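See structure below.
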Amino acid sequence: MNITASTACAAVLGHPIAHSLSPELHNKIYQSMDLDIVYLAFDITRENFAKAVKGLGALGFIGFNITIPYKETIISYLDSIDPAAATIGAVNTVKIEGGKLIGYNTDGVGFLHSLNINNVICSQRRILILGAGGSARAIGIALVEQNPKEIVILNRSLDRAKKIAFDINEFAGRNISYAVSNAPQNVDIIINTTPLGMWPEVDKSPLEDYVFCPKTVVCDIIYNPYTTSLLKRASASGCFTINGLGMLVGQAVKAIEIWTGKKIDNSLIKLVYNDLRNKLK
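Read the sequence shown against the working numbering and you will find it ends at 1371, with the numbers running on by one and no gaps.
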């Protein structure tokens, strides 16, 4: 790739960030589409977050992604926010336009992309979401439109779980979700939105003693490691498992469309997905 003074820049901010595949994913797409853009990853500590955000704007970046733990923190630095992201209460994509920071959330779109490429249907299914952060809220709100039978939120803080369940019900216009302190057994789909099991703490799992039913689809939005401790246990019990790579690709595609206004061909999306999958396996 030929980087010059006119090359546009984008980035991902998070902590930790060394595990991120986003630079490789984005740069593959930019090069394949002959876009003069380079994508970088920045490990930003909390005390430097404000300076980093301001710096990207000053340097003329076209936009940036936000990952753990700053998806909610970033909101106070924005000039405007997409209505869907405002409802979710978390932002993972920022467009810089005319010096203004505009926030979006592509978590829900990315997760639905992952379900679609794995032919998973949510209609009339009972779904358990692990975690109560920005990703859990975004995914829960996206799933509402897929007509599930029920959405159950499990989190260490029952109050946070209740808040997300309330927000999902407000968005859905009906009582479709509720919070629990113990994981129920009779669910069709389990989705881990917590960082438990993410590199480098790969031995951790949000469901240490859970007994999986073979008919259950178990999803983890973590993609590094490729197969988390949760997914290993679920697979050993006969469950169909999905990691976070499809969601990552879906998020990236939407972010690039937001920043550039260009649609990405499905054949390129599949090619990049397969390249990354083969690398991670």
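Backbone N, C-alpha and C define an ideal beta-carbon position, used for all residues, glycine too.
Just so it is clear, the structure is predicted and the values come from calculations on it, not from any experiment.
Using CA coordinates, which residue listed in P1173, S1213 and L1191 is at the minimum distance from L1146? L1191
Would you check if the stretch 1297-1317 and the stretch 1327-1341 touch, i.e. whether three or more CB-CB distances between them fall below 8 Å? yes
Which runs of the beta strand (DSSP E), 3 residues or longer, sit entirely within the stretch 1309-1345? 1330-1332
When the Cβ atoms of the stretch 1120-1131 are set against those of the stretch 1350-1358, are three or more pairs found closer than 8 Å? yes
Which same chain residues end up closer than 8 Å to K1078 when comparing Cβ atoms and leaving out the 5 residues on each side of it in sequence? Since the displayed the chain opens at 1091 and closes at 1371, residue 1078 lies outside it and no answer follows.
Along the chain, where does the beta strand (DSSP E) that runs through D1133 open and close? I1127 to D1133
Ranges of the beta strand (DSSP E) found wholly within the stretch 1228-1293, counting only runs of at least 3: 1240-1244, 1267-1270 and 1279-1282
Just to confirm, is the Cβ distance from F1201 to M1337 under 9 Å? yes
Could you have a look at Y1300 and say whether DSSP puts it in helix, strand or coil? coil
Can you give the Cα-Cα distance for L1103 and T1183, rounded to whole angstroms? 10 Å
Rounded to the nearest angstrom, what separates L1220 and T1283 at their Cα positions? 6 Å
Within the same chain, show all residues whose beta-carbon is closer than 6 Å to that of D1172, passing over the 5 residues directly before and after it, in chain order. Y1194
Limits of the unbroken alpha helix (DSSP H) element including K1190: Segment K1190 to Y1194 is the beta strand (DSSP E) holding K1190; no alpha helix (DSSP H) there.
Would you mind giving the Cβ-Cβ distance between I1229 and A1269, rounded to the nearest angstrom? I have them listed as a contact below 8 Å. At roughly 15 Å, the Cβ-Cβ gap does not stay under 8 Å, so I1229 and A1269 are not in contact.
Counting only the same chain and skipping the five closest in sequence on each side, list residues whose C-beta sits under 7 Å from that of S1271. L1248
Which residue marks the beginning of the beta strand (DSSP E) containing G1198, and which one marks its end? First-last for G1198: D1197 to I1207, but that is the alpha helix (DSSP H), not the beta strand (DSSP E).
With a 10 Å radius around its C-beta and 16 neighbouring C-beta atoms as the bar for buried, classify N1245 as buried or exposed. buried
Which listed residue (K1239, G1340 and A1131) has its alpha carbon closest to that of D1278: K1239
Looking at the structure shown, is E1187 part of a helix, part of a strand, or coil, going by DSSP? strand
For I1280 and A1324, I'd like the C-alpha separation in whole angstroms. 10 Å
Our contact map puts V1199 next to G1340 with C-beta atoms below 8 Å; I'd like the distance itself, whole angstroms only. 6 Å
Element boundaries [alpha helix (DSSP H), containing R1215]: Looking at the DSSP string, R1215 is not in any alpha helix (DSSP H), and its letter there is neither H nor E.
Spatial distance of R1227 from I1178 (CA atoms): 6 Å
Go ahead and pull the three-state DSSP assignment for I1107. coil
Count the other CB atoms within 10 Å of the CB of D1355; is the residue buried (16 or more) or exposed (fewer)? exposed
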